[in-house]
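There are 2 protein chains.
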Amino acid sequence: MRNLKREILTMVEKDLKEIEIALTDNLNPYLDIVSDVAGHILFAGGKRLRPLLMVLSARICGYKGDYDKVFSTIFEYLHAATLLHDDLVDGATIRRGKPVANSIWGNSTAVLVGDFLLARGLSIAAATGKPKVIKIIAGITENMSQGELHQLMRKGALDLPEEEYLEVIRRKTAVLFEGACRISACISNASKREERAVSGYGYNMGMAFQMADDLLDYTLDNSAIGKEVGADLKEGKMTLPVIYALKEADRNDRLRMEAIIKNTNFSVRDFKLLIKLLEKYGGIAYTKERAKNHVENAKKTLLVFKPSKTRRILEYIADYALSRKT
Amino acid sequence: MRNLKREILTMVEKDLKEIEIALTDNLNPYLDIVSDVAGHILFAGGKRLRPLLMVLSARICGYKGDYDKVFSTIFEYLHAATLLHDDLVDGATIRRGKPVANSIWGNSTAVLVGDFLLARGLSIAAATGKPKVIKIIAGITENMSQGELHQLMRKGALDLPEEEYLEVIRRKTAVLFEGACRISACISNASKREERAVSGYGYNMGMAFQMADDLLDYTLDNSAIGKEVGADLKEGKMTLPVIYALKEADRNDRLRMEAIIKNTNFSVRDFKLLIKLLEKYGGIAYTKERAKNHVENAKKTLLVFKPSKTRRILEYIADYALSRKT
Chain A
1 MRNLKREILT MVEKDLKEIE IALTDNLNPY LDIVSDVAGH ILFAGGKRLR PLLMVLSARI
61 CGYKGDYDKV FSTIFEYLHA ATLLHDDLVD GATIRRGKPV ANSIWGNSTA VLVGDFLLAR
121 GLSIAAATGK PKVIKIIAGI TENMSQGELH QLMRKGALDL PEEEYLEVIR RKTAVLFEGA
181 CRISACISNA SKREERAVSG YGYNMGMAFQ MADDLLDYTL DNSAIGKEVG ADLKEGKMTL
241 PVIYALKEAD RNDRLRMEAI IKNTNFSVRD FKLLIKLLEK YGGIAYTKER AKNHVENAKK
301 TLLVFKPSKT RRILEYIADY ALSRKT
Chain B
1001 MRNLKREILT MVEKDLKEIE IALTDNLNPY LDIVSDVAGH ILFAGGKRLR PLLMVLSARI
1061 CGYKGDYDKV FSTIFEYLHA ATLLHDDLVD GATIRRGKPV ANSIWGNSTA VLVGDFLLAR
1121 GLSIAAATGK PKVIKIIAGI TENMSQGELH QLMRKGALDL PEEEYLEVIR RKTAVLFEGA
1181 CRISACISNA SKREERAVSG YGYNMGMAFQ MADDLLDYTL DNSAIGKEVG ADLKEGKMTL
1241 PVIYALKEAD RNDRLRMEAI IKNTNFSVRD FKLLIKLLEK YGGIAYTKER AKNHVENAKK
1301 TLLVFKPSKT RRILEYIADY ALSRKT
């Protein structure tokens, strides 16, 4: 099997290096503690997917300036801010194989450094001098906080409809991907048609990415992603594989699944049984299918642009979103 | 004695009513929980000082548009966001006489609604279409989070120098006041000289306001302000009355004060003794004096403008910052 991840990494090596430098250079705190805590989450082996999509989208839109890497940091800072706040929300203990920041520095520090990162992202957005850019960024933040809240409100809701799940992941994940791509069109002075295309690419990538992420909780040995086994379910997060299987299951199996979900201290054996039932009722396959549709749509939107190396990388990244193992 | 508060309230009655309406109208969440939690903190008898200063500063700068009340909500939303996050940080249980939001809805919800309010403030700022305005707002948020972090890092630091205290309150409080006034100059297209004047007014008001706030913890029956007795000290917050008195005290009294401060479960009797010592060594008087200087400076900066009803109200508010009992 071809190693898609390695191929992509080779093609974007220079961009990723420049993004890393920009992430360090633009943090700009006056307190060391901010660098420590932000660094703990920022430099823990993140994929830099959001800034990378922004840089590549700008390139495909013909961006000619020098600030794409600087602006791309906005999306990693916003992402890191939400991770800091979400770990508190989720009660998670491990993130990317490291203890979560709030377990080391306390809730207060994690919250405040998250606030700083949000503000930093918005300051950099303001530096574009483009009100439209800033409006989009502020809108992203509104959506993300409400998406997370929505998810929190519906913790453990066994009756969560698929539409509501889709609304939650759109707000909490897809708007950031969409915004990263859309803003690159704004700073490139791209046409409306191009802006719609990269926005569509970002939105679909975000949806696919979140679905693939939700699948990872049920399809593999979680030690590979540095999370606890069945972490989503233990937090009461109802994701698509479960939602679909619950809907499709017969009464008996449905009750078995519900019993496992309600017991947030389920055993590994229970969890394996649950995965079996998710497979039996097509929860895994259905989620893969939906994610695949989004990936196809993402690639289709790129046809607005003529073939190029950049377009190829964006297509590869779309395929990778589906096949990724971490 | 004249009732300054009542006089001011009469003069700004119409403005305050319009600010209240704007605060409700511009919140705009899609989840009810956001209205509930944000409303709990937003509509709990806050003084609306920040939006009011913004509206009055805009007026003195000759603002002619219709959006001053809308823009003024930014500062109350940002303020409410920091209160939601700070209550978590401070471990407070009561705010404005009501249980703090995180004790009712949990830390996670309080954090996320705080994030929403931050984002909402920034969205409204973006709607001004003025990058300078947005830059100021984002900068305020960076400063506030770092000011709070700074304070947190130095919790219980008996050796906190006055300069460091001043830096903390500048960032956590004064920049928001300064920003509220400065932005009114931006949206009014005021001259540089006028912008400097209202900014200076705001900065000095913020410093005076915070010093007066810190004094309240030591000068009265705290039931009047809906906080616990000695709340600041119990949280390890070293404020000017204490910093000054510790510096001035003889060895013996200094040790007595330190013993009380270190024991965060001090009795009411201990606390009364501490207040006596603060008075003995001039901590209270010195803080009052410094706050008064800021109030005088605030009023002096207004002399750039010719006498008017608006200028008089701003002067009254400056005096009130010093005399307020809640």
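Protein chains in written order, with the numbering used here: chain A, 1 to 326; chain B, 1001 to 1326.
Where a beta carbon is used, it is the ideal one built from N, C-alpha and C, also for glycine.
All values derive from a computational prediction rather than experimental measurement.
Where residue i meets chain B, residues with beta-carbon distance less than 7 Å
i, result
"A/Tyr30", "Gln1146"
"A/Glu338", "Because residue 338 of chain A is not part of the residues shown, which for chain A are 1 to 326, the question remains open."
"A/Ile33", "Leu1149 and Met1153"
"A/Val129", "Checking the sequence, you will find Gly at residue 129 of chain A rather than Val. Those are Pro1131, listed as they occur along chain B."
"A/Ala126", "Pro1131, Ile1134, Lys1135 and Ala1138"
CB-CB length for residue i against residue j, believed under 8 Å
i, j, result
"A/Val242", "A/Phe271", "12 Å between Cβ atoms; not a contact."
"B/Ala1101", "B/Val1034", "B/Ala1101 to B/Val1034, Cβ: 12 Å. No contact."
"A/Leu122", "B/Ala1138", "4 Å"
"B/Asp1319", "B/Leu1004", "6 Å"
"B/Leu1233", "B/Ile1261", "6 Å"
"A/Thr344", "A/Tyr244", "Residue 344 of chain A lies beyond the residue range present for chain A, which begins at 1 and ends at 326; the question has no answer from this structure."
"B/Glu1315", "B/Lys1299", "5 Å"
"A/Arg182", "A/Glu195", "6 Å"
"A/Ile169", "A/Thr219", "Actually they do not touch by this definition, with Cβ atoms about 17 Å apart."
"A/Glu163", "A/Arg154", "That pair is no contact at about 12 Å."
"B/Ile1338", "B/Phe1305", "Limits of chain B in this structure are 1001 at one end and 1326 at the other, which puts residue 1338 of chain B out of reach."
"B/Lys1069", "B/Glu1018", "5 Å"
"B/Leu1016", "B/Leu1042", "About 14 Å; that fails the 8 Å criterion."
8 Å Cβ cutoff, residue i in contact with chain B
i, result
"A/Lys135", "yes"
"A/Leu233", "no"
"A/Ser223", "Per-residue confidence for A/Ser223 stands at a pLDDT of 49, beneath the threshold of 50, marking its modelled position as unreliable; no derived number is given."
Minimum Cβ-Cβ distance from residue i to chain A less than 8 Å
i, result
"B/Pro1161", "no"
"B/Gly1139", "yes"
Listed by chain order, chain A residues near residue i by CB distance under 9 Å
i, result
"B/Asn1107", "Leu88, Val89, Asn107 and Val111"
Interface residues of chain B facing residue i [CB-CB closer than 8 Å]
i, result
"A/His85", "Val1111, Leu1112 and Asp1115"
Can you list the alpha helix (DSSP H) stretches of 4 or more residues lying completely in the stretch 1206 to 1262 of chain B, in chain order?
-> Fully contained in the stretch 1206 to 1262 of chain B are the following alpha helix (DSSP H) runs of length 4 or more, in chain order: 1231 to 1234, 1240 to 1248 and 1251 to 1262.
Kindly confirm or deny that the stretch 275 to 294 of chain A and the stretch 204 to 223 of chain A touch, where touching means at least three C-beta pairs closer than 8 Å.
-> The count of Cβ pairs closer than 8 Å, one atom from the stretch 275 to 294 of chain A and one from the stretch 204 to 223 of chain A, reaches three, so the stretches are in contact.
Is there contact between the stretch 101 to 115 of chain A and the stretch 10 to 27 of chain A, where contact requires at least three CB pairs shorter than 8 Å?
-> The count of Cβ pairs closer than 8 Å, one atom from the stretch 101 to 115 of chain A and one from the stretch 10 to 27 of chain A, stays below three, leaving the stretches out of contact.
Does the count of Cβ pairs from the stretch 1069 to 1085 of chain B and the stretch 1115 to 1126 of chain B closer than 8 Å reach three?
-> The stretch 1069 to 1085 of chain B makes contact with the stretch 1115 to 1126 of chain B; the number of CB pairs closer than 8 Å reaches 3 or more.
Every unbroken alpha helix (DSSP H) inside the stretch 1260 to 1315 of chain B [4 residues or more] = If we require 4 residues or more, the alpha helix (DSSP H) runs fully inside the stretch 1260 to 1315 of chain B come out as 1268 to 1280 and 1283 to 1301.
May I have a chain-ordered list of the alpha helix (DSSP H) segments no shorter than 4 residues that lie completely inside the stretch 57 to 117 of chain A?
-> Qualifying alpha helix (DSSP H) stretches, in chain order: 68 to 90 and 101 to 105.
Does the pairing of the stretch 46 to 65 of chain A with the stretch 171 to 183 of chain A give three or more beta-carbon distances under 8 Å?
-> Because the criterion of three Cβ pairs below 8 Å is met, the stretch 46 to 65 of chain A and the stretch 171 to 183 of chain A touch.
Taking contact to mean at least 3 C-beta pairs separated by less than 8 Å, is the stretch 1123 to 1130 of chain B in contact with the stretch 131 to 145 of chain A?
-> Verdict: yes, contact present.
Within the chosen definition, does the stretch 187 to 198 of chain A reach the stretch 53 to 72 of chain A through at least 3 CB pairs nearer than 8 Å?
-> Contact holds: three or more Cβ-Cβ distances are below 8 Å.
With a floor of 4 residues, list each alpha helix (DSSP H) that falls wholly inside the stretch 1128 to 1163 of chain B, ordered by position along the chain.
-> As summarised for the stretch 1128 to 1163 of chain B, the continuous alpha helix (DSSP H) elements at least 4 residues long and confined to that stretch are 1131 to 1153, given in chain order.
Alpha helix (DSSP H) segments (min. 4 residues) lying fully within the stretch 175 to 199 of chain A | Whole alpha helix (DSSP H) segments, 4+ residues: 175 to 187.
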